[in-house]
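According to full-length UniProt numbering, the residues represented by the sequence shown are 1 to 91, in order.
Think of the CB as a built atom: it goes at the ideal place given N, C-alpha and C, for glycine as much as any other residue.
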Amino acid sequence: MWLSMVSIDTNLHRCLAKLFKVAMCALFLHQEVVVVVVVVVVVVVTAVVVVVVAAAAATVVVVVVVVVVVVVVVLVLVVEEVVVNAVFMIS
């Protein structure tokens, strides 16, 4: 049982790392539509993963903290990108 929870936790970190890299690439390329899609995917995958890992319950606190941090960082970067683009369009 413990090994399966470790496996879920490891897979979660890999999945979130890949999603985070995609989000960073999208921001780098200044593709707002791609950024929005990536954010939606990150939020949906995060919700699904939290529900799955909550069943394991041993690592749920660590997982929730990691997930919240990743989602907040991605959302802050997206908002920053939108604000910067809006400022350039206005000026």
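Let me know if V72 comes out buried or exposed under the rule of 16 or more other beta-carbons within 10 Å of its beta-carbon.
exposed
According to the Cβ coordinates, are V41 and L19 closer than 8 angstroms?
Yes, the Cβ-Cβ distance between V41 and L19 is below 8 angstroms.
Under a Cβ-count criterion, where at least 16 other Cβ atoms within 10 Å of its own Cβ denotes burial, should F88 be classed as buried or exposed?
exposed
Spatial neighbours of L16 within its chain, please: C-beta separation below 6 angstroms, excluding the five flanking residues on both sides.
So the qualifying residues of the chain are V70.
Separation of V67 from residue 93, as counted between CA atoms:
With the chain represented from 1 up to 91, any question about residue 93 goes unanswered, as that position is not in the structure.
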